[in-house]
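These notes are about the structure you will find just below.
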Amino acid sequence: MRRRSTECDAVAGALPAYVAGEADLDVRSEHHVARCLRCQADVARYRRMLRTLHALRDDSEEPPPSVLSGILTSLDGGAPRRRAWVPEPWVALGLAMAAGAIGATGVVVWSTRRRQIS
Ligand SMILES: [Zn+2]
1470 MRRRSTECDA
1480 VAGALPAYVA
1490 GEADLDVRSE
1500 HHVARCLRCQ
1510 ADVARYRRML
1520 RTLHALRDDS
1530 EEPPPSVLSG
1540 ILTSLDGGAP
1550 RRRAWVPEPW
1560 VALGLAMAAG
1570 AIGATGVVVW
1580 STRRRQIS
């Protein structure tokens, strides 16, 4: 699976409002979506979600349009896309070993000083 380009990331935040009909894309974003299969897939996914939400909607009470794009954005992980930092396994192992080494050093220093005091 190819990674998203920075252009995809730039467009991603505007897609929920665009699909919901709340905002237009700027010309550059429109051109990008027209030639980017990944962003077109995102648009299709948003449209499916929108149809599903409309099907579930209670007709007696309609939420303001901004609520819908907020839901779509949060379902997609938020925009601009923020990724939680997840350390690679070797980084986590290194951090754990460093923490262990620091802890062991602390115990040695503490016990050495205790012996000197008493
Ligand atoms: Zn794209």
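Numbering (the working numbering), first residue to last: 1470 to 1587.
Beta carbons: idealized from backbone N, C-alpha and C, even for Gly.
Predicted model only: the values in this text are computed from it and were never measured.
Out of curiosity, what's the CA-to-CA distance linking residue i and residue j?
{"i": "G1490", "j": "P1558", "result": "43 Å"}
{"i": "G1572", "j": "D1545", "result": "40 Å"}
{"i": "L1525", "j": "L1519", "result": "10 Å"}
{"i": "L1562", "j": "A1570", "result": "12 Å"}
{"i": "G1575", "j": "A1567", "result": "12 Å"}
{"i": "R1473", "j": "C1505", "result": "10 Å"}
{"i": "L1522", "j": "A1492", "result": "19 Å"}
{"i": "P1533", "j": "R1514", "result": "21 Å"}
{"i": "V1560", "j": "T1581", "result": "31 Å"}
Buried or exposed: which applies to residue i, given that a residue is buried once 16 or more other Cβ atoms fall within 10 Å of its Cβ?
{"i": "M1470", "result": "Any reading at M1470 must be qualified, since the residue scores a pLDDT of 46, below 50, and its modelled position is unreliable; the value itself is stated next. When all chains shown are included, M1470 counts as exposed."}
{"i": "A1481", "result": "buried"}
{"i": "V1536", "result": "exposed"}
{"i": "V1488", "result": "buried"}
Could you check which residue in the options has the C-alpha nearest to that of residue i?
{"i": "R1507", "options": "T1542, L1519 and D1478", "result": "D1478"}
{"i": "D1499", "options": "R1520, L1519, E1476 and R1516", "result": "A small fix is needed here, since residue 1499 is Glu in this sequence, not Asp. Of the candidates R1520, L1519, E1476 and R1516, the one whose C-alpha sits nearest the C-alpha of E1499 is E1476."}
{"i": "L1541", "options": "A1565, L1564 and R1516", "result": "R1516"}
On the premise that residue j lies in contact with residue i, defined as a C-beta separation below 8 Å, what is that separation, rounded to the nearest angstrom?
{"i": "A1486", "j": "S1543", "result": "That pair is no contact at about 13 Å."}
{"i": "G1494", "j": "A1510", "result": "According to the sequence displayed, residue 1494 carries Leu and not Gly. Rounded, the Cβ-Cβ distance is 16 Å, inconsistent with contact."}
{"i": "V1512", "j": "V1496", "result": "Contact flag wrong, Cβ pair sits at about 16 Å."}
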